[in-house]
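Below is one structure, written out as structure tokens, with a few remarks after it.
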Amino acid sequence: MPTTAPRPWYVYLLACRRGTYVGITNDLLRRYRAHCAGRGARYTRANPPQAILGARAFADRAEASRMEYWLKRQTPEDKRRWIAAAPLPPEVVAALAATDATS
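Per full-length UniProt numbering, the very first residue in the sequence shown carries number 1; after that it's consecutive.
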């Protein structure tokens with residue numbers, strides 16, 4: 001019986017109405033949709049997300065949490081510079097395009 005690889009954890013950066021938001025998830029598309037629907041973090045309920053700026057994959061939740069902790073303490077410019085080297089996973093780009101086409 002083939003085993004499935006564990007799902008990666010992502011540290012992601014959202015552009016919001018006022019500023020940026022950093023978070024972690026193991027299902028990037030589901031979490032982004034939750035933020036957009038007002039079911040995400042308190043910050044994104046008050047400042048709805050406008051776009052996913054990028055995401056980086058990590059092997060486990062602990063590693064992603066450490067990076068999230070570090071990234072939240074950076075300046076907005078440093079956050080954007082860090083995430084610029086991390087394009088969105090192709091499956092997320094495709095799903096977002098499909099969502100936009102049906103909206």
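Glycine is no exception: its CB is placed at the ideal position from the N, C-alpha and C atoms.
Alpha carbon to alpha carbon, what distance is there between P90 and N47? Using only the alpha carbons, I get a separation of about 26 Å.
Could you tell me which of P8, Y21, C16 sits nearest to Q74, measuring between CA atoms? Per the Cα distances, Y21.
Entirely enclosed alpha helix (DSSP H) segments - the UniProt domain "GIY-YIG" (7-84), minimum 4 residues: Listed in chain order, the alpha helix (DSSP H) elements of length 4 or more contained wholly in the UniProt domain "GIY-YIG" (7-84) are 28-36, 42-46, 61-72, 76-84.
With distances taken Cα to Cα, identify the nearest neighbour of R18 among N26, R39, P6, T44. Nearest of N26, R39, P6, T44 to R18, Cα basis: T44.
Contacting residues, own chain, Cβ-Cβ under 6 Å from A51 (five flanking each side not counted): For A51, the CB contacts under 6 Å within the same chain, skipping 5 residues up- and downstream, are A15 in chain order.
According to the Cβ coordinates, are G54 and L29 closer than 9 Å? L29 sits away from G54, with the two beta carbons spaced by 9 Å or more.
Can you list, in chain order, the residues of its chain with a C-beta nearer than 7 Å to that of S65? Leave out the 5 residues immediately preceding and following it. Result list for S65: I24, in chain order.
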